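K.L.:
These protein sequences, in sequence, are chains A and B. According to our numbering, the first sequence is numbered sequentially starting from 9. According to our numbering, the second sequence is numbered sequentially starting from 9. Positions of the beta carbon are idealized from the N, C-alpha and C atoms, including for glycine. If you're wondering where the values come from, they're calculated on a predicted model, not measured in any experiment.
Number of protein chains: 2
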Amino acid sequence: MKKLTDKQSKIYEFIASWQMKKSYPPTQAEIRDHFGFGSQNAVRSHLALIERKGYIRLSLGKARGIKLIQIPNLFSKEPSIPLLGSIAAGVPLWEEQNFEDHLPISPALFGGGELFALKVIGESMIDAGIRNGDVAIIRRQDVVDNGEIAAVLIDHEATLKRVFLSSDSLILKSENATFKNFEYPMSEKNLIRILGRYMGIVRMEKNRGFL
Amino acid sequence: MKKLTDKQSKIYEFIASWQMKKSYPPTQAEIRDHFGFGSQNAVRSHLALIERKGYIRLSLGKARGIKLIQIPNLFSKEPSIPLLGSIAAGVPLWEEQNFEDHLPISPALFGGGELFALKVIGESMIDAGIRNGDVAIIRRQDVVDNGEIAAVLIDHEATLKRVFLSSDSLILKSENATFKNFEYPMSEKNLIRILGRYMGIVRMEKNRGFL
DNA sequence: ATAAATACTGTTTATTATATCAGTGTTCAT
DNA sequence: ATGAACACTGATATAATAAACAGTATTTAT
């Protein structure tokens, strides 16, 4: 969210405190008087700018038509999904709980269960619409159905792969034509470990400081 | 506290829910219209009685000068993002608040502000990694920076487009090579309307009943 | 039964607020 | 140094809103 200038902040705060106290917003004239402006247009133009930056919403032609857009508090202890680290770039270990952050998303949205999140590095799943930088939501489980996408641990590296299990081998397939498949005979099956099942992604277009 | 009559309760509740939704109280005329009264005085006398019983406080002569005394739990609602409908398949109107659901995600994750969600229909933004069925998170704003992706209303249809504004025209570009661009000279600029800025997506791989 | 409180209609007027048009400096990044 | 965003003044039109006055039914509690 674009930052307010000092003056804009003061006006925003005045509106917020007025709203708190009276339960309705001030009029433009009331704001003008508080700041000692000689013209209401000073207020009008400020409000327009504050609205453009997304902090308030104006209702055209309505008296006191100022709606404060609430800034959500980041400290709520709502249900959330732990972000464990990056995939294809290290070993995410939930036992250590050394997560960088929690995503403020209810696990219910992704079907519940023991969910965690991993930031996707690289283009290996691009054809499944999973891009570099996306946050993959994973449900912790040791086995997945044939053909499903899973987070798997190969050689101490976590990656997203589509998993195919036949009677005599295990195939890990990237969703990217330029990547080759991995195939493991059953005897080497223990070289890989399934961390969990891919349940979806969250993509934040501009970094919000969460990652 | 003396009890309100049925009618008074209904009016009080209407004011409370209006206040909840808009963050400012209704005018007497707005109350009149909602209840279908032929006269504003019906409202006036009701308000006077409700005030006498101590449920509201009126500010004489002030527009929307109604203060709720029994504060409705404004803080009971968990932060979430309203899902307004589908994009490229109808007109999402937040004024009507006819959302199908709320996504249990904190708006903070997508930078806060007045966020809403739209389900993406079609392949028009496939090259930006936005796929059919994804849920786009949009922040309500009237203008976006050049080259940003926005939800725009074209001919009463909402779509996601990358917006380019030059001195003499407005170009809407799909992120899909098989789609052609829309170009509007400045004179026709008002044919389109920007609903908000694209902030990211959420993709639930298996339907969770949220959509 | 009857007064008091409630639930309204109808009309007019005064006041409150917002919108619009036309400007002037000032700051700030390129 | 030059435009763009910011921070204002000033005047006027118009819409939005509340207040006031004068009533009529209906319900509710004595």
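Are the segment 165-176 of chain A and the segment 22-41 of chain B touching by the rule of at least three beta carbon pairs closer than 8 Å?
P.N.:
Touching, no, given that fewer than three Cβ pairs across the two stretches are closer than 8 Å.
K.L.:
List the residues of chain B that residue 60 of chain A touches, going by C-beta distances under 8 Å, in chain order.
P.N.:
Going along chain B in sequence order, the residues near residue 60 of chain A (Cβ under 8 Å) are 149, 150 and 151.
K.L.:
Since residue 22 of chain B sits in a beta bridge, which residues does DSSP pair it with?
P.N.:
DSSP, once it has assigned bridges, lists no residue as partnering residue 22 of chain B.
K.L.:
Going along chain B, which residues have a C-beta under 9 Å from residue 32 of chain A?
P.N.:
Result: 27, 31, 32, 33, 67, 70, 71, 72, 73, 74 and 75.
K.L.:
My understanding is that residue 123 of chain B touches residue 146 of chain B, with C-beta atoms under 8 Å, so please give their C-beta distance in whole angstroms.
P.N.:
Right, the Cβ-Cβ distance comes to about 7 Å (below 8 Å), so this counts as a contact.
K.L.:
Using only the alpha-carbon positions, how far apart do residue 64 of chain B and residue 15 of chain B sit?
P.N.:
Those two C-alpha atoms are separated by around 15 Å.
K.L.:
Beta-carbon of residue 125 of chain B versus every beta-carbon of chain A: anything under 8 Å?
P.N.:
It does not: the Cβ of residue 125 of chain B has no partner Cβ on chain A nearer than 8 Å.
K.L.:
Please state whether DSSP places residue 209 of chain B in a helix, a strand or coil.
P.N.:
If DSSP states are grouped into helix, strand and coil, residue 209 of chain B belongs with the strands.
K.L.:
Check each candidate in B:112, B:67, B:53 and B:133 and name the one with the smallest Cα separation from residue 116 of chain A.
P.N.:
If we check each option's Cα against that of residue 116 of chain A, B:112 comes out closest.
K.L.:
If you draw a straight line from the alpha carbon of residue 75 of chain A to that of residue 23 of chain A, how long is it in whole angstroms?
P.N.:
If I take the Cα positions, the gap works out to 9 Å.
K.L.:
Considering only residues of the segment 32-82 of chain A, which uninterrupted beta strand (DSSP E) runs meet the minimum length of 3 residues and lie entirely inside it, listed in chain order?
P.N.:
Qualifying beta strand (DSSP E) stretches, in chain order: 64-66 and 74-76.
K.L.:
Give the residues of chain A in contact with residue 122 of chain B, contact being defined as C-beta atoms less than 7 Å apart.
P.N.:
Within chain A, the residues near residue 122 of chain B are 62, 65 and 77.
K.L.:
Buried or exposed: where does residue 68 of chain A fall if 16 or more other Cβ atoms within 10 Å of its Cβ makes it buried?
P.N.:
When all chains shown are included, residue 68 of chain A counts as exposed.
K.L.:
For residue 123 of chain B, report the span of its beta strand (DSSP E) as first-last.
P.N.:
Per DSSP, residue 123 of chain B belongs to the beta strand (DSSP E) from 123-128.
K.L.:
In whole angstroms, what separates the C-alpha of residue 55 of chain A from that of residue 19 of chain A?
P.N.:
Taking the straight line joining both Cα atoms gives about 8 Å.
K.L.:
Rounded to a whole number of angstroms, what is the C-alpha to C-alpha distance between residue 12 of chain A and residue 190 of chain A?
P.N.:
Computed Cα separation, rounded: 52 Å.
K.L.:
Tell me which residues of the segment 174-193 of chain A have at least one Cβ-Cβ distance to chain B shorter than 9 Å, keeping chain order.
P.N.:
Cβ contacts with chain B: none found.
K.L.:
For residue 157 of chain B, which three-state DSSP category applies?
P.N.:
Strand at residue 157 of chain B.
K.L.:
Comparing C-alpha positions only, which one of A:50, A:163, A:152 and A:184 sits nearest to residue 140 of chain A?
P.N.:
Considering only alpha carbons, the answer is A:184.
K.L.:
If we cut at 8 Å on Cβ distances, does residue 17 of chain B have a partner in chain A?
P.N.:
Answer no: the Cβ-Cβ gap between residue 17 of chain B and chain A never drops below 8 Å.
K.L.:
When you check each C-beta in the segment 109-120 of chain A against every C-beta of chain B, which residues fall closer than 8 Å?
P.N.:
Answer set for the segment 109-120 of chain A: 111, 112, 113, 114, 116, 117, 118 and 119.
K.L.:
For residue 72 of chain B versus residue 71 of chain A, is the C-beta distance shorter than 8 Å?
P.N.:
For residue 72 of chain B and residue 71 of chain A, yes; Cβs fall inside 8 Å.
K.L.:
Answer with yes or no whether the minimum CB distance from residue 170 of chain B to chain A is below 8 Å.
P.N.:
It does not; no Cβ of chain A falls within 8 Å.
K.L.:
In chain A, what lies closer than 9 Å to residue 137 of chain B by C-beta?
P.N.:
Ordered by position in chain A, the residues that pass the 9 Å Cβ test against residue 137 of chain B are 134, 137, 138, 139, 142 and 211.
K.L.:
Out of curiosity, what's the CA-to-CA distance linking residue 148 of chain B and residue 59 of chain A?
P.N.:
Cα-Cα distance, rounded: 10 Å.
K.L.:
Out of B:62, B:176, B:91 and B:181, point me to the one whose CA is closest to residue 193 of chain B's CA.
P.N.:
Ranking B:62, B:176, B:91 and B:181 by Cα distance to residue 193 of chain B puts B:176 first.
K.L.:
Quick check on the DSSP output: the beta strand (DSSP E) that includes residue 12 of chain B runs from which residue to which?
P.N.:
Counting along the chain, residue 12 of chain B falls outside any beta strand (DSSP E), and DSSP gives it neither H nor E.
K.L.:
Note down the Cα distance separating residue 84 of chain A from residue 114 of chain B, rounded to an integer number of angstroms.
P.N.:
Below a pLDDT of 50, predicted positions are generally treated as unreliable, and residue 84 of chain A, at 37, falls in that range; no measurement from the model is reported.
K.L.:
Taking DSSP's pairing of strands, which residues face residue 191 of chain A in a bridge?
P.N.:
For residue 191 of chain A, which the question treats as bridged, DSSP gives the partners A:179.
K.L.:
To which residues does DSSP link residue 167 of chain A through a beta bridge?
P.N.:
A:160, per the DSSP bridge assignment.
K.L.:
What residue from B:125, B:77, B:161 and B:186 has the CA that sits closest to residue 202 of chain B's CA?
P.N.:
Ranking B:125, B:77, B:161 and B:186 by Cα distance to residue 202 of chain B puts B:161 first.
K.L.:
List the endpoints of the continuous beta strand (DSSP E) containing residue 1 of chain B.
P.N.:
Since the first residue shown for chain B is 9 and the last is 219, residue 1 of chain B is missing from the structure and cannot be characterised.
K.L.:
CB-CB under 7 Å to residue 57 of chain A, same chain, minus the five flanking residues each way: which ones, in chain order?
P.N.:
Hits under 7 Å: 16.
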